Amino acid sequence: MSRVTRFAGRDPGPAARVTGFIAHLRDNGLRLGVAEAETALAALTRITATSPDETRRALRAVCTGCKEEAARFDALFDSYWMDAGRVKQKVIKTNSSTISDDVHSSRDAKGQESNSTGSANAPDDTDGDAESDGTGKLISSEMRNLSRKDLREMVRPDEIAAAELVARRLGAALRDRRSRRRRAARKGDRLHFRKIIRHSLATGGEPIRLLRKHRPDRTRKIVALCDVSGSMTIYAQVFLAFLAGLMRADTHADAYLFHTRLVRITEALRDKDAMRAIGRMSLMADGFGGGSKIGPSLARFADTYAKRFVDGRSVVLIMSDGYDTAPPETLANALAKLKKRGCKIIWLNPLKGWDDYAPVAAGMAAALPHLDLFAAANTLGDLAALETELAAL
Amino acid sequence: MSYTTLQSDLADQGYVASDDLSVALHLALSLERPLLLEGAAGVGKTDVARTLSAVRDTRLIRLQCYEGLDAAQAIYEWNYQRQLLTIRAAAEDGETGKAVEARIFSRDFLLERPLLAAITQDTPPVLLIDEIDRADEEFEAYLLEIFSDYQVSIPELGTITATTKPIVILTSNGTRDLSDALRRRCLYTYVDYPSRETELAILKARSPDIEAKLAAQIIGFVQKLREETLEKTPGIAETLDFAAALTGLGIADLTIDPAILQSTLTTLLKTQSDQAQITPEVAGRIAGRAA
Chain A
-13 MSRVTRFAGR
-3 DPGPAARVTG
7 FIAHLRDNGL
17 RLGVAEAETA
27 LAALTRITAT
37 SPDETRRALR
47 AVCTGCKEEA
57 ARFDALFDSY
67 WMDAGRVKQK
77 VIKTNSSTIS
87 DDVHSSRDAK
97 GQESNSTGSA
107 NAPDDTDGDA
117 ESDGTGKLIS
127 SEMRNLSRKD
137 LREMVRPDEI
147 AAAELVARRL
157 GAALRDRRSR
167 RRRAARKGDR
177 LHFRKIIRHS
187 LATGGEPIRL
197 LRKHRPDRTR
207 KIVALCDVSG
217 SMTIYAQVFL
227 AFLAGLMRAD
237 THADAYLFHT
247 RLVRITEALR
257 DKDAMRAIGR
267 MSLMADGFGG
277 GSKIGPSLAR
287 FADTYAKRFV
297 DGRSVVLIMS
307 DGYDTAPPET
317 LANALAKLKK
327 RGCKIIWLNP
337 LKGWDDYAPV
347 AAGMAAALPH
357 LDLFAAANTL
367 GDLAALETEL
377 AAL
Chain B
92 MSYTTLQSDL
102 ADQGYVASDD
112 LSVALHLALS
122 LERPLLLEGA
132 AGVGKTDVAR
142 TLSAVRDTRL
152 IRLQCYEGLD
162 AAQAIYEWNY
172 QRQLLTIRAA
182 AEDGETGKAV
192 EARIFSRDFL
202 LERPLLAAIT
212 QDTPPVLLID
222 EIDRADEEFE
232 AYLLEIFSDY
242 QVSIPELGTI
252 TATTKPIVIL
262 TSNGTRDLSD
272 ALRRRCLYTY
282 VDYPSRETEL
292 AILKARSPDI
302 EAKLAAQIIG
312 FVQKLREETL
322 EKTPGIAETL
332 DFAAALTGLG
342 IADLTIDPAI
352 LQSTLTTLLK
362 TQSDQAQITP
372 EVAGRIAGRA
382 A
């Protein structure tokens, strides 16, 4: 029995169905335009369009653009074209997921870890709001503090402005990694032949002025991971303001929060309205002030986001007190893995500012060998003072 | 021509392509669109281009991307040394400045790099842009310009329009996100590790003299090995090396000698921690299960 959807008799024809399909994909979060609909139609004329398998493959090649989309495509294709012979009246708008780019968490609404490869563009959950309707299941023996804290009470706009300034200066201090691409410059290590030839024409082919090029400095990409577990609550104010400021100062920066799990907050913090950004972030930071699983969170980061967003130009900034409830080996392994991507790792520990502090917490001790810089920071002033140390990296 | 013709043409050249890949290639050829292939290292992305150029009997022009790749290495550059010499020689011959300028900025003095070479051929070549994710974002912008108009503008010379549209294949290992603009311009296929049957067919196509029993064991072993959590999962190239190593050593059965099996694993496991993880016992167990 054919499972192919029977379309309504008054349906205008194949072109309309294909555009309907494109609209169906668009409703489900694939970014497609008119050009794709055109290409899809053109593609169908080049293959045996009556063969469902061939059509599926052709449309997949045209309509998807990355692995995650390709993986979701089959289900979307089936729901539109292979509706088990039911009559399709019009394009069905599935309510299931209007994908929001703002939430990059890979857990479902029940607050349980889902095993999907959920990543930036293929989240397997719904909006931020729905996401934090967790029913309060415990992941393990760790407490997750589910009373939702509104971070807006903790961070004031003027602090964000001050933090933005600090973040801008830190970003400038990290401008160190040299580019491989050369640019024209007055003092350079190589001759800029193209320019020399052009200028030599003016002097009858005699290259009198030697113009040069050099390797310009490039900015490093800052990836900030902030611990917002219970033990960090009193420092969170500073760090969150710093994160918000950082995202506003540096368009390439990337930010994450973690407590018992990891949440990407980059998109949320990019909101133009600083307070709204913090509001969106607090919706995501469900579990704020609960237990801390630094090792597993960083391991998850190293296995997922880091593969896409961390490279040799990155500086990974971890803001945590190092009180981990998971075994220290997990943390050490995660950092070692991260380090292999060629990035610099900086750990800012608010406790280090204490007079008699020693990194005796098992997690912290395990992390130390993998760090490029281990520094104290519990006020914005401390962060600003890091400038010279960062420049030396 | 349907995609099955293309698939069998590729198979004749020793490349076993999945249905997904064949349809995508077929479309890329008939719609004249670039094809973006993504997938782990060693699943045969680069080989597609090489085989395709053999099937179509055209030139393969390859551009290997790396960080810092720029227009001078990818599109064109002037031959500066020759220009300088010509200017000096012209001055001694008393040639006028205008004439010299016209001469040294002519096609004779232009060094064609892969992208320019690809659009100025007489027959459409296969242009392979390998590991596009290694080049930086600026380079994607060059590519977009070329893919949209198939022309290159050189300030001194004017615009060079494509004589033929090359068959463009881009590969990426996914080490960084490509821009949406580039993805939208391309057809896309994710090339996954092959299924047992496909991989067996590949092995038979590449090393025809291998015994059926050993071939089945090798594929079974590699497929099981891919299920382990390794830092670097072995690809098809590794499988072929592994098979070559075993046949070279004259082994007929994987399970007979664990020591030799372990020593040939160097063809499959490419990091120290992976080698440490697959101990002789583990390897023996996998081989036993695969048999």
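Protein chains in written order, with the working numbering: chain A, -13 to 379; chain B, 92 to 382.
We put the CB at the ideal spot given by N, CA and C, even for glycine.
All figures in this text were calculated on a predicted structure; none of them were measured in a lab.
> Which residue from A:Leu27, A:Glu145 and A:Ala153 puts its Cα closest to that of alanine 235 (chain A)?
Replying inline: A:Ala153
>> In whole angstroms, give me the CA-to-CA distance for glutamate 128 (chain A) and glycine 265 (chain A).
In response: Note that glutamate 128 (chain A) scores a pLDDT of 40, beneath 50, so its modelled location is shaky and nothing firm can be said.
>> In the DSSP output, what is alanine 399 (chain A) paired with across the bridge?
In response: Missing from the structure shown is residue 399 (chain A); chain A here goes from -13 to 379 and no further.
> Pick from A:Arg17, A:Leu30 and A:Leu16: whose alpha carbon is nearest that of arginine 3 (chain A)?
Replying inline: A:Leu30
>> I want to know whether the region 126 to 133 of chain B touches the region 144 to 153 of chain A - three or more CB-CB distances under 8 Å.
In response: no
> Whose C-alpha, out of A:His178, A:Ala57 and A:Ala188, is nearest the C-alpha of threonine 187 (chain B)?
Replying inline: Looking only at A:His178, A:Ala57 and A:Ala188, the smallest Cα-Cα distance to threonine 187 (chain B) is reached by A:Ala188.
> Taking only beta-carbon atoms, is glutamine 155 (chain B) less than 9 Å away from chain A?
Replying inline: At a cut-off of 9 Å between C-beta atoms, glutamine 155 (chain B) does not count as an interface residue with respect to chain A.
>> Counting only Cβ pairs nearer than 8 Å, list the residues of chain B close to threonine 34 (chain A).
In response: Per Cβ cutoff of 8 Å: Ser93.
> So which residues of chain B does valine 186 (chain A) contact, with C-beta pairs closer than 7 Å?
Replying inline: The residue you asked about is not valine; residue 186 (chain A) is serine in the sequence shown. Within chain B, the residues near serine 186 (chain A) are Ile178.
> Which residue spans inside the region 19 to 51 of chain A form an unbroken alpha helix (DSSP H) run of at least 4?
Replying inline: 20 to 32 and 38 to 49
>> What would DSSP say about valine 209 (chain A), mapped onto helix, strand or coil?
In response: strand
> Among A:Thr365, A:Leu324, A:Leu372 and A:Ala344, which one has its Cα closest to the Cα of valine 224 (chain A)?
Replying inline: Here the closest residue by C-alpha is A:Thr365.
> To which residues of the same chain is threonine 214 (chain B) closer than 6 Å at the C-beta, ignoring the five residues directly before and after it?
Replying inline: So the list reads Thr149, once near-sequence residues are dropped.
> Are the region 283 to 294 of chain B and the region 305 to 321 of chain B touching, with three or more C-beta to C-beta distances below 8 Å?
Replying inline: yes
> Roughly how many whole angstroms lie between the Cα atoms of glycine 281 (chain A) and asparagine 14 (chain A)?
Replying inline: 34 Å
> So the beta strand (DSSP E) threonine 252 (chain B) belongs to, where does it begin and stop?
Replying inline: It spans 249 to 252 - the beta strand (DSSP E) in which threonine 252 (chain B) sits, taken as one unbroken run.
> Less than 9 Å separating the beta-carbons of arginine 327 (chain A) and serine 283 (chain A)?
Replying inline: No. Outside cutoff.
>> I'd like the list of long-range same chain contacts for valine 146 (chain B), defined as Cβ closer than 7 Å, with 5 residues on each side in sequence excluded.
In response: Same-chain partners within the cutoff: Asp100, Leu101 and Gln104.
> With burial defined as no fewer than 16 other Cβ atoms inside 10 Å of the residue's Cβ, what is the status of leucine 189 (chain B): buried or exposed?
Replying inline: The sequence as given places lysine at residue 189 (chain B); leucine does not occur at that position. Its Cβ having fewer than 16 others within 10 Å, lysine 189 (chain B) is exposed.
> Apart from the five residues on each side of it in sequence, which residues of its chain come closer than 6 Å, Cβ to Cβ, to leucine 321 (chain A)?
Replying inline: Sequence-distant Cβ neighbours of leucine 321 (chain A) in its own chain, meaning closer than 6 Å and more than five residues away, are Ala353 and His356.
> What in chain A is Cβ-close to glutamine 98 (chain B), meaning under 7 Å?
Replying inline: Here the premise fails: no neighbours, minimum Cβ distance about 12 Å.
>> I'd like to know if phenylalanine 360 (chain A) contacts chain B, where contact means its C-beta is closer than 9 Å to some C-beta of that chain.
In response: No, phenylalanine 360 (chain A) does not count as interfacial toward chain B.
>> Is serine 121 (chain B) close to chain A? Criterion is C-beta to C-beta, closer than 9 Å.
In response: yes
>> To the nearest angstrom, how far is the alpha carbon of leucine 226 (chain A) from that of alanine 148 (chain A)?
In response: Between leucine 226 (chain A) and alanine 148 (chain A), the C-alpha separation is close to 12 Å.
> Cβ-heavy atom distance between leucine 366 (chain A) and the ligand GDP below 8 Å?
Replying inline: For the ligand GDP, the structure offers nothing, since it holds no ligand at all.
> How many whole angstroms separate the CB atoms of alanine 163 (chain B) and isoleucine 210 (chain B), which I take to be in contact at a CB cut-off of 8 Å?
Replying inline: Incorrect: roughly 17 Å between the Cβ atoms, too far for contact.
>> Once DSSP output is grouped into helix, strand and coil, what is the label at serine 283 (chain A)?
In response: Note: serine 283 (chain A) maps to helix in three-state DSSP.
> Looking at the structure shown, is tryptophan 340 (chain A) part of a helix, part of a strand, or coil, going by DSSP?
Replying inline: coil
>> By DSSP's criteria, asparagine 335 (chain A) is part of a beta bridge. Which residues make up the other side?
In response: A:Ala362.
> Looking only at its own chain, which residues have a Cβ that is under 7 Å from the Cβ of arginine 141 (chain B), when we skip the five neighbours before and after it?
Replying inline: Leu151
>> Rounding to the nearest angstrom, what Cα-Cα distance links glutamate 228 (chain B) and glutamate 236 (chain B) in this structure?
In response: Using only the alpha carbons, I get a separation of about 13 Å.
> Does glutamate 129 (chain B) come within less than 9 Å of chain A when only Cβ atoms are used?
Replying inline: yes
>> To be precise: take each residue of the region 135 to 159 of chain B, compare its Cβ to all Cβ atoms of chain A, and keep it if any distance is under 9 Å. Which residues remain?
In response: Of all residues in the region 135 to 159 of chain B, those with a C-beta nearer than 9 Å to a C-beta of chain A are Tyr157, Glu158 and Gly159, reading in chain order.
> If you draw a straight line from the C-alpha of isoleucine 258 (chain B) to the C-alpha of leucine 16 (chain A), how long is it?
Replying inline: 26 Å
> Curious, which full-length alpha helix (DSSP H) runs of at least 4 residues does the region 295 to 375 of chain B contain?
Replying inline: List check, alpha helix (DSSP H) in window: 303 to 318, 327 to 339, 349 to 355 and 363 to 368.
> Would the region 155 to 169 of chain B and the region 214 to 223 of chain B be scored as touching if the rule is three or more Cβ pairs under 8 Å?
Replying inline: yes
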